[in-house]
Structures are given as C-alpha cells and as structure tokens.
Amino acid sequence: MLFRSSWEKGLRPYRDFSPTQLLQALKSWSPAVRSRAAKVLAERKDVPLNTLIDRLDDGDLNTRYGACQAIASLGERGFSAVNPLRALLWSDDLWLRIQASHVLSAIGEPAMEAVPDLLKLATSSNDEDPRSEEHTSELQSRRNPGCRLLLEKTK
58 MLFRSSWEKG
68 LRPYRDFSPT
78 QLLQALKSWS
88 PAVRSRAAKV
98 LAERKDVPLN
108 TLIDRLDDGD
118 LNTRYGACQA
128 IASLGERGFS
138 AVNPLRALLW
148 SDDLWLRIQA
158 SHVLSAIGEP
168 AMEAVPDLLK
178 LATSSNDEDP
188 RSEEHTSELQ
198 SRRNPGCRLL
208 LEKTK
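In our numbering, each number is its position in the sequence shown, counted from 1, plus 57.
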C-alpha cells in the first residue's frame with residue numbers, strides 16, 4: 058500500500074467540486090481550503106483564467122489571495138495574468154505583494170518581463186517588512202555588485 062499524505066487525502070473531496078464550488082472555495086479565509094481548491098482547479102482543462110484575473114482586483118483580500126494561489130498552480134498557463142500581477146507588487150498589503158511575487162515565479166520564463174519590478178521591490182525599503190533593511194543593505198553591498206548593476210540598468 059502506497060503512503061498517501063493527509064494533504065493528498067484532503068484533496069479528494071475537492072475533486073468532486075464543480076468549477077463554481079472551486080471558485081467559491083478560493084474565497085475562503087482558510088489558506089488550506091484556498092490551496093486545495095487552487096490545486097484541483099489547475100488539474101482541469103477549462104480553467105476560468107479571466108475570472109481569476111478579475112479577482113486579483115477584488116475588494117476582499119481572501120479572494121485576491123485565492124486568485125493568486127490558483128494562478129500560481131497554473132504555472133505557465135497563467136501567463137496572461139503577468140501584468141495585473143506586476144501591479145500587485147506595489148499593493149499596500151504586504152501578503153498580497155508576497156503572493157504576487159510568488160505567482161510570477163511560478164509562471165516562470167513567460168513572466169521574465171517582471172524581473173526589473175522584482176529587483177526594485179527587493180531593494181526597496183518597506184517599514185511593514187522587518188527584513189527590508191537587512192535585505193536592502195545585503196543586496197547593495199559590495200558582495201553583490203551584479204545586483205547593483207542590474208538595478209542601475211532598470212532605472
């Protein structure tokens with residue numbers, strides 16, 4: 058008998074959900090519910106990508122997080138969300154910015170146009186993020202001259 062993780066067992070009920078039910082689950086307050094719904098939705102061929110892109114601008118943060126999780130699960134198939142995701146990199150919500158950068162990474166090579174934005178974000182100061190000062194000084198240090206050159210080229 059093969060070992061199945063509790064995570065995999067938790068996906069089983071979601072596979073019986075209709076697309077409408079999965080889209081509703083992506084609005085959940087629970088990251089686990091959103092993640093499972095995103096994974097199952099991405100397994101399907103008829104993913105409503107335009108609906109997910111529209112949700113990136115929803116007034117409810119959980120809905121926006123769920124859209125990010127679903128698009129990340131799509132990988133390269135989420136390419137048409139690159140520009141709206143780039144806009145989210147400058148959101149007032151720190152977690153939404155983190156999610157957007159994760160999704161762009163999950164999209165991979167088709168999202169390369171976002172690299173200058175990601176570099177600017179990585180070296181910008183943000184009072185909300187206690188790591189910002191540490192990361193900024195590290196990236197701008199003499200140990201990372203390549204990063205400094207890339208930043209200068211993107212200004």
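Built from N, CA and C at the ideal position, the CB exists for glycine as well. Computed from a prediction, not measured in an experiment: that's the story for all the values here.
Output yes or no for whether 8 Å exceeds the beta carbon distance between Leu-79 and Leu-98. yes
Note down the Cα distance separating Gly-135 from Ile-164, rounded to an integer number of angstroms. 6 Å
Ordered list of beta strand (DSSP E) runs contained in the segment 115-150, each at least 3 residues: none
On the three-state DSSP scale, how would you describe Arg-101? coil
Backbone CA spacing between Pro-114 and Ala-82 [nearest angstrom]: Note that residue 114 corresponds to Asp in the displayed sequence, not to Pro. Straight-line Cα distance between these residues: approximately 17 Å.
Using the beta-carbon count (16 or more within 10 Å), is Gly-116 buried or exposed? exposed
By a C-beta neighbour count over all protein chains shown, 10 Å radius and 16 as the cutoff for buried, is Val-172 buried or exposed? By the 10 Å Cβ count, Val-172 comes out exposed.
Alpha carbon of Glu-170 to alpha carbon of Leu-161, nearest angstrom: 10 Å
Between which two residues does the alpha helix (DSSP H) harbouring Pro-70 extend? From DSSP, Pro-70 is part of no alpha helix (DSSP H); its letter is neither H nor E.
6 Å CB neighbourhood of Leu-142 in its chain, flanking five on each side removed: Sequence-distant partners of Leu-142 (beyond 5 residues in either direction) whose C-beta falls short of 6 Å from its own C-beta, in its chain, are Ala-157, Val-160, Leu-161.
Please state if the CB of Ser-130 and the CB of Lys-177 are separated by a distance shorter than 8 Å. No, they are not a contact pair.
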